[in-house]
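Student: Here it is, the structure, as structure tokens.
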Amino acid sequence: MDVSKPSVARMYDHFLGGTDNYQVDRDACEELLRIAPSTRELALVNRAFLVRAVRYLAHERGVRHFLDHGSGLPTRPNVHQVAQSVDPSSEVVYIDNDPVVLAHGRMMLAEDPATTAVLDADMRDTEAIFNSPEVRRLLRNGKPVAALFVSVLHCIPGRDDPWALVRRVAERLPAGSYLVISQLASDNPELREKITDFMAEITGNQWGEVRSIDEVERFFDGLDLLETEKPVEVSRWLPDSDLAPRQRTEEWIEYGGVARIV
Numbered sequence: 001m002d003v004s005k006p007s008v009a010r011m012y013d014h015f016l017g018g019t020d021n022y023q024v025d026r027d028a029c030e031e032l033l034r035i036a037p038s039t040r041e042l043a044l045v046n047r048a049f050l051v052r053a054v055r056y057l058a059h060e061r062g063v064r065h066f067l068d069h070g071s072g073l074p075t076r077p078n079v080h081q082v083a084q085s086v087d088p089s090s091e092v093v094y095i096d097n098d099p100v101v102l103a104h105g106r107m108m109l110a111e112d113p114a115t116t117a118v119l120d121a122d123m124r125d126t127e128a129i130f131n132s133p134e135v136r137r138l139l140r141n142g143k144p145v146a147a148l149f150v151s152v153l154h155c156i157p158g159r160d161d162p163w164a165l166v167r168r169v170a171e172r173l174p175a176g177s178y179l180v181i182s183q184l185a186s187d188n189p190e191l192r193e194k195i196t197d198f199m200a201e202i203t204g205n206q207w208g209e210v211r212s213i214d215e216v217e218r219f220f221d222g223l224d225l226l227e228t229e230k231p232v233e234v235s236r237w238l239p240d241s242d243l244a245p246r247q248r249t250e251e252w253i254e255y256g257g258v259a260r261i262v
């Protein structure tokens, strides 16, 4: 496990107030804040969106199976905790390939192996993911699944075609399934380039890119958006006064939504 370079997952953990990070991650966060001062607020807004989206799908749409791509370090409430607050039988598979994430995730989930699992996989490897015992078990009854891509698609460079990844996953899910997507976005090309270059440099190219609003909207092509007519800055998706602090600046945003696969 190389902790000489910052990790996106550990930086995110620090921004959320977690403790599963190192000095190199905290230093990188401070540098990023100098480039984009709203970054900490943005992380909190995005986490609140994840909680609302999972709660909505479980409570309003009856979803009991969740596939969390690039899940990151455990942060309460976790996806399985939100889903199981609606129905204790809800099942979640967390997907990540960061060694620190895997270690902490497996430790946390060991208490409930019947309904939760952590899969060591690159989220781009759709074949490996859908052929794994964990995901095959999740799909066993053919009921709708919610595939989560929350603040992770910016970790995939354009040359790897993250839009095709989302389509591949959508095609493998049962009828009536859902996608939850958020992505770092800005319509300021200079800021996009500056942050993208900075993150690629400090993480050893374990990063993709900040995208334009139009590029993020492409992830939703052919999908039936829920509760909004188009993707939105995520604090505006079913805002909740307790869980959804409004982002006060839009130098860059988490942009996305929740959609049904049709």
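Take the sequence shown: its letters are residues 1 to 262, numbered as in full-length UniProt numbering.
By construction, the Cβ of each residue, glycine as well, lies at the ideal position given by its N, Cα and C atoms.
Three-state secondary structure (DSSP) at residue 116?
Tutor: The answer is strand: DSSP assigns residue 116 an E or B state.
Student: Give me, in chain order, the residues of the same chain whose beta-carbon lies closer than 6 Å to that of residue 149; leave out the 5 immediate sequence neighbours on both sides.
Tutor: 69, 181.
Student: Could you work out which residue in 146, 194, 28, 51 is closest to residue 81 when comparing CA atoms only?
Tutor: When only C-alpha atoms are compared, the closest one is 51.
Student: Could you tell me the alpha carbon to alpha carbon distance between residue 116 and residue 94, rounded to whole angstroms?
Tutor: Spanning the two alpha carbons is a distance of roughly 8 Å.
Student: Select from 20, 224, 169, 234 the residue whose C-alpha is nearest the C-alpha of residue 139.
Tutor: The shortest Cα separation from residue 139 among 20, 224, 169, 234 belongs to 169.
Student: Can you tell me which residues form a DSSP beta bridge with residue 254?
Tutor: DSSP, once it has assigned bridges, lists 184 as partnering residue 254.
Student: For the candidate residues 57, 224, 104, 72, whose alpha-carbon lies nearest to that of residue 16?
Tutor: It is 72.
Student: Can you tell me whether residue 60 is buried or exposed, with buried defined as 16 or more other CB within 10 angstroms of its CB?
Tutor: When all chains shown are included, residue 60 counts as exposed.
Student: Output yes or no for whether 8 Å exceeds the beta carbon distance between residue 185 and residue 202.
Tutor: Not in contact: residue 185 and residue 202 (Cβ atoms no closer than 8 Å).
Student: If we count Cβ pairs, one from each stretch, closer than 8 Å, do we get three or more for the stretch 155-164 versus the stretch 203-210?
Tutor: Contact between the stretch 155-164 and the stretch 203-210 is present, because at least three Cβ pairs lie under 8 Å.
Student: For the stretch 56-119, list the alpha helix (DSSP H) runs that are entirely contained and at least 4 residues long, ordered along the chain.
Tutor: Runs of the alpha helix (DSSP H) inside the stretch 56-119: 79-86, 99-109.
Student: Could you tell me if the beta carbon of residue 70 falls within a distance shorter than 7 Å of some heavy atom in the ligand MG?
Tutor: The ligand MG is absent from the structure shown, which contains no ligands of any kind.
Student: Under DSSP, the beta strand (DSSP E) around residue 20 begins and ends at which residues?
Tutor: Careful: residue 20 lies outside any beta strand (DSSP E) and carries neither H nor E.
Student: So which of 109, 106, 173, 97 has the shortest CA-CA distance to residue 143?
Tutor: Among 109, 106, 173, 97, the Cα nearest to that of residue 143 belongs to 173.
Student: Rounded C-beta distance between residue 219 and residue 119? I'm assuming under 8 Å.
Tutor: So it is not a contact: roughly 22 Å between Cβ atoms.
Student: Quick one: Cα of residue 178 to Cα of residue 190, how far?
Tutor: Cα to Cα, residue 178 sits roughly 34 Å from residue 190.
Student: Just to confirm my understanding: we take residue 253, look at its own chain, exclude 5 residues before and 5 after, and list those with CB closer than 8 Å. What are they?
Tutor: So the list reads 42, 184, 185, 186, 233, 234, 247, once near-sequence residues are dropped.
Student: By the DSSP assignment, the beta strand (DSSP E) with residue 225 in it spans what residues?
Tutor: Looking at the DSSP string, the run of the beta strand (DSSP E) that includes residue 225 is 223-225.
Student: Thinking residue 35 and residue 195 are a contact (beta carbons under 8 Å), I'd like their distance in whole angstroms, please.
Tutor: Indeed they touch by this definition, with Cβ atoms about 6 Å apart.
Student: Just the Cα atoms here: how many angstroms apart are residue 137 and residue 27?
Tutor: So the two alpha carbons sit approximately 41 Å from each other.
Student: Who are the Cβ neighbours of residue 97 in its own chain at under 7 Å, not counting the five residues just before and after it?
Tutor: Here the set comprises 120, 121, 122.
Student: DSSP three-state call for residue 150: helix, strand or coil?
Tutor: In the structure shown, residue 150 sits in a strand (DSSP, three-state: E or B).
Student: Taking only three categories from DSSP, how would you classify residue 233?
Tutor: Here residue 233 sits in strand by DSSP.
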